[in-house]
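K.L.:
Right, I'll just put the structure down here and ask away after.
Chains as they are written, first to last, in the numbering used here: chain A, 1 to 293; chain B, 1 to 210.
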């Protein structure tokens with residue numbers, strides 16, 4: 001979602017500062033899983049606001065519909081039937097981009113300005129700069145971005161950056177009938193989440209907690225989980241997500257160093273040539289063959 | 001000089017054409033691949049019609065390169081088997097680089113440096129093909145788990161960088177050793193050149209005489 005933005009703190013494949021004269025407070029979308037009834041109003045609101053329409057799918061015998069994120073479905077409800085110490089529980093999680101503080105997609109992206117991070121924490125794709133390589137998918141610790149077959153661009157939740165930029169809350173927050181999704185400054189949302197955790201603990205959910213994983217520097221979409229000790233139970237929410245050693249190696253210091261090494265190699269070859277001279281046929285051998293001609 | 005019947009045939013027309021096909025595709029692969037390697041090189045994507053075209057073309061050019069390199073590999077693999085003399089040659093390589101090749105053991109059609117380069121390039125090429133398939137998002141990546149794709153991305157970048165370094169070395173060696181570029185362009189070399197740089201091959205070709 002492109003906007004004329006003056007509050008960009010990070011821009012993919014860019015080594016100089018981005019326009020960041022304007023500062024905005026960090027925002028967070030807090031999803032209280034314990035309040036979610038799985039109505040999918042957020043999915044509908046997302047498509048309404050962003051004007052995306054997914055293909056009509058088929059019933060897979062479960063509530064998940066569509067069964068996965070797509071280039072048109074930037075958020076989906078994931079339903080899990082899980083046995084806990086309390087018996088059978090139905091854990092419903094609204095899945096979508098977590099808007100990491102340290103975004104793996106942005107780190108992996110080779111196209112300048114195709115992925116940006118605003119000072120409010122939102123990680124946004126600027127599809128007009130996207131080249132369709134899919135490196136963001138490789139870099140994402142949450143398996144979120146989806147490559148469109150129609151235009152070979154990658155799409156994901158924008159956290160309604162266009163709405164937030166003009167002081168509105170994201171569409172999914174606006175529509176949520178139970179108040180399971182709330183939106184505000186990071187400070188306020190953490191306070192609210194802590195209150196919710198206290199409440200859940202008082203109701204017997206001893207392991208209730210906030211999902212704000214440190215491995216990616218924290219996220220700008222957070223969950224309140226009744227079983228924060230086992231996030232995997234919520235349809236595979238990763239316990240300790242991080243960009244990971246492979247992506248760090250791939251996108252870290254190794255490449256500038258390799259560039260330097262190649263440059264030194266070329267310079268070294270040139271210096272060898274001007275100091276040692278070319279490798280030519282020796283006079284002796286030349287003479288040997290000259291006589292014969 | 002061109003029509004001197006005493007010149008020795010070093011590379012056949014097919015070998016030359018195929019070598020240059022590999023060379024051209026390599027240059028295109030290096031320039032387009034570097035766009036995804038580091039932001040520094042991204043402007044090179046303009047040579048290919050922008051970032052999207054670069055992303056589309058890179059793997060297809062890679063397929064052409066894989067085939068032409070594959071033919072070269074098949075043609076030259078037996079000529080590049082390292083012999084004890086070659087290892088001895090490697091032990092003297094510093095003297096040669098320093099400008100004194102009088103003590104060099106006799107090299108065959110390819111010297112030990114060329115042979116080692118051949119095997120290193122072949123290893124890089126194999127890694128690039130395998131990892132390239134895994135990260136070819138449009139057609140193949142969906143077949144593989146993300147952990148493997150991440151690993152392949154690292155392998156592809158590393159093997160690509162090493163291959164560029166090896167080719168810089170290859171090109172420099174050709175510039176340094178006078179007349180060897182002509183050999184790959186026109187196919188024939190002077191006998192004096194052959195005796196100087198590849199004495200064992202010279203003997204094979206001439207039966208030891210002049």
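Ideal placement from N, C-alpha and C gives every residue a C-beta, glycine not left out.
Since the model is a prediction, treat every value here as computed from it, not as a measurement.
On the criterion of 16 or more Cβ atoms from any shown chain inside 10 Å, does residue 198 of chain B qualify as buried, or is it exposed?
P.N.:
Residue numbering aside, residue 198 of chain B sits at position 198 when the second chain is read from its first letter. With 16 or more Cβ atoms within 10 Å of its Cβ, residue 198 of chain B is classed as buried.
K.L.:
Could you pull out every residue in the same chain whose Cβ sits closer than 7 angstroms to the Cβ of residue 89 of chain A, ignoring the five residues on either side in sequence?
P.N.:
Taking the first chain and counting its residues from 1, one reaches residue 89 of chain A at position 89. Correct list, in chain order: 82.
K.L.:
Across which residues does DSSP place residue 32 of chain A in a beta bridge pair?
P.N.:
Mapped onto the first chain, residue 32 of chain A falls at position 32. DSSP lists A:224 as partners of residue 32 of chain A.
K.L.:
Is there a C-beta anywhere in chain B that falls below 8 angstroms from the one on residue 183 of chain A?
P.N.:
Your numbering for residue 183 of chain A matches position 183 in the first chain. No, its Cβ sits nowhere closer than 8 angstroms to a Cβ of chain B.
K.L.:
Pop quiz: residue 60 of chain A and residue 67 of chain A are said to be a contact at Cβ under 8 angstroms. What is the actual Cβ separation, rounded to whole angstroms?
P.N.:
Taking the first chain and counting its residues from 1, the one referred to as residue 60 of chain A is at position 60. Taking the first chain and counting its residues from 1, the one referred to as residue 67 of chain A is at position 67. Sure, about 6 angstroms apart at Cβ, within 8 angstroms.
K.L.:
Using a beta-carbon distance cut-off of less than 8 angstroms, what residues from the segment 23-39 of chain B approach chain A?
P.N.:
35, 36, 37, 38, 39
K.L.:
Determine whether the Cβ of residue 269 of chain A lies closer than 8 angstroms to any Cβ atom of chain B.
P.N.:
The sequence position of residue 269 of chain A within the first chain is 269, counting from 1. Yes, residue 269 of chain A lies at the interface with chain B (some Cβ there is under 8 angstroms from its Cβ).
K.L.:
Go ahead and pull the three-state DSSP assignment for residue 1 of chain B.
P.N.:
Within the second chain, numbered from 1, the residue matching residue 1 of chain B stands at position 1. Low per-residue confidence applies at residue 1 of chain B: pLDDT is 44, beneath 50, and the placement is therefore not dependable, though the value from the model is reported in the following sentence. Correct three-state label for residue 1 of chain B: coil.
K.L.:
Any beta-carbon of chain A closer than 8 angstroms to the one on residue 172 of chain B?
P.N.:
Counting from 1 along the second chain, the entry for residue 172 of chain B is found at position 172. Cβ-Cβ to chain A under 8 angstroms: yes for residue 172 of chain B.
K.L.:
Indicate the three-state DSSP secondary structure (helix, strand or coil) for residue 176 of chain B in the structure shown.
P.N.:
Taking the first residue of the second chain as position 1, residue 176 of chain B is located at position 176. DSSP places residue 176 of chain B in helix when its eight states are reduced to three.
K.L.:
So, helix, strand or coil for residue 12 of chain B, using DSSP?
P.N.:
Position 12 of the second chain holds residue 12 of chain B. When secondary structure is reduced to three states using DSSP, residue 12 of chain B falls in the coil class, being assigned neither helix nor strand.
K.L.:
For residue 204 of chain B, name the three-state secondary structure that DSSP assigns.
P.N.:
For this step, residue 204 of chain B is matched to residue 204 along the second chain. Helix, per DSSP.
K.L.:
Is there a Cβ of chain A sitting closer than 8 angstroms to that of residue 1 of chain B, yes or no?
P.N.:
Working through the second chain from its first residue, we reach residue 1 of chain B at position 1. Summary for residue 1 of chain B: the model assigns pLDDT 44, below 50, so the residue's position carries little reliability; its value from the coordinates is reported in the next sentence. No, residue 1 of chain B does not count as interfacial toward chain A.
K.L.:
Got a sec, what are the start and stop residues for the alpha helix (DSSP H) residue 125 of chain A sits in?
P.N.:
Here residue 125 of chain A refers to the residue found at position 125 of the first chain. Looking at the DSSP string, residue 125 of chain A is not in any alpha helix (DSSP H); the run it does join, the beta strand (DSSP E), is 123-125.
K.L.:
The alpha helix (DSSP H) with residue 80 of chain A in it runs from where to where?
P.N.:
Counting from 1 along the first chain, the entry for residue 80 of chain A is found at position 80. First-last for residue 80 of chain A: 76-84, but that is the beta strand (DSSP E), not the alpha helix (DSSP H).
K.L.:
Just to confirm my understanding: we take residue 73 of chain A, look at its own chain, exclude 5 residues before and 5 after, and list those with CB closer than 6 angstroms. What are they?
P.N.:
To locate residue 73 of chain A, count along the first chain from 1; it is residue 73. The residues are 54, 66.
K.L.:
Are the beta-carbon atoms belonging to residue 262 of chain A and residue 165 of chain B less than 8 angstroms from one another?
P.N.:
Within the first chain, the letter at position 262 stands for residue 262 of chain A. Within the second chain, the letter at position 165 stands for residue 165 of chain B. Contact flag set, yes.
K.L.:
Count the other C-beta atoms from every protein chain shown that fall within 10 angstroms of the C-beta of residue 15 of chain A, then say buried if there are 16 or more, exposed otherwise.
P.N.:
Taking the first residue of the first chain as 1, we reach residue 15 of chain A at position 15. Answer is exposed; the Cβ neighbour count stays below 16.
K.L.:
Anything in chain A within Cβ reach of residue 154 of chain B, meaning under 8 angstroms, just list it in chain order.
P.N.:
Stepping through the second chain from its first residue, residue 154 of chain B is reached at position 154. Within 8 angstroms Cβ-Cβ: 246, 249, 250.
K.L.:
Is it buried or exposed, residue 18 of chain B, if we count other Cβ atoms within 10 angstroms and call 16 or more buried?
P.N.:
Counting from one through the second chain, the residue named residue 18 of chain B turns up at place 18. Counting Cβ neighbours within 10 Å, residue 18 of chain B comes out buried, since at least 16 surround it.
K.L.:
Among A:226, A:158, A:101, A:130, whose alpha-carbon lies nearest the alpha-carbon of residue 196 of chain A?
P.N.:
On the first chain, residue 196 of chain A is found 196 positions in, with the first residue counted as 1. Nearest option by C-alpha distance: A:226.
K.L.:
If residue 131 of chain B sits next to residue 152 of chain B, beta carbons under 8 angstroms apart, how far is it from one beta carbon to the other, in whole angstroms?
P.N.:
Along the second chain, one-based indexing puts residue 131 of chain B at 131. Along the second chain, one-based indexing puts residue 152 of chain B at 152. Their Cβ separation, rounded to whole angstroms, is 4 angstroms, which keeps residue 131 of chain B and residue 152 of chain B in contact under 8 angstroms.
K.L.:
Rounding to the nearest angstrom, what Cα-Cα distance links residue 193 of chain A and residue 32 of chain A in this structure?
P.N.:
Stepping through the first chain from its first residue, residue 193 of chain A is reached at position 193. Stepping through the first chain from its first residue, residue 32 of chain A is reached at position 32. If you take the alpha carbons of residue 193 of chain A and residue 32 of chain A, they lie about 8 angstroms apart.
K.L.:
Counting only the same chain and skipping the five closest in sequence on each side, list residues whose C-beta sits under 8 angstroms from that of residue 103 of chain B.
P.N.:
Position 103 of the second chain, counting from 1, holds the residue named residue 103 of chain B. The answer, listed in chain order, is 92, 95.
K.L.:
Just checking, does the segment 112-128 of chain A make contact with the segment 3-13 of chain A on the three C-beta pairs under 8 angstroms criterion?
P.N.:
yes
K.L.:
Does the CB of residue 262 of chain A have a neighbour CB from chain B at under 8 angstroms?
P.N.:
Taking the first residue of the first chain as position 1, residue 262 of chain A is located at position 262. Interface residue, yes.
K.L.:
What are the partner residues of residue 88 of chain A, as DSSP defines its beta bridges?
P.N.:
Residue 88 of chain A sits at position 88 when you count from the first residue of the first chain. According to DSSP, which records beta bridges pairwise, residue 88 of chain A is partnered with A:83.
K.L.:
Closer than 8 angstroms by beta-carbon distance: list the chain A residues that pair up with residue 11 of chain B, in chain order.
P.N.:
Counting from 1 along the second chain, the entry for residue 11 of chain B is found at position 11. The premise fails here: residue 11 of chain B is roughly 19 angstroms from chain A at the closest Cβ pair, so nothing lies under 8 angstroms.
K.L.:
With distance defined between alpha-carbon atoms, name the residue in B:52, B:22, B:48 nearest to residue 31 of chain B.
P.N.:
Residue mapping note: residue 31 of chain B aligns to position 31 of the second chain, counting from 1. Checking every option, the nearest Cα to that of residue 31 of chain B belongs to B:48.
K.L.:
Between which two residues does the alpha helix (DSSP H) containing residue 273 of chain A stretch?
P.N.:
For this step, residue 273 of chain A is matched to residue 273 along the first chain. Taken as a continuous stretch (DSSP letters only), the alpha helix (DSSP H) holding residue 273 of chain A covers 254-276.
K.L.:
Quick one: residues in its chain with C-beta nearer than 8 angstroms to the C-beta of residue 146 of chain B, no 5 flanking neighbours on either side, listed in chain order?
P.N.:
Here residue 146 of chain B corresponds to residue number 146 of the second chain, with the count starting at 1. So the list is empty, once near-sequence residues are dropped.
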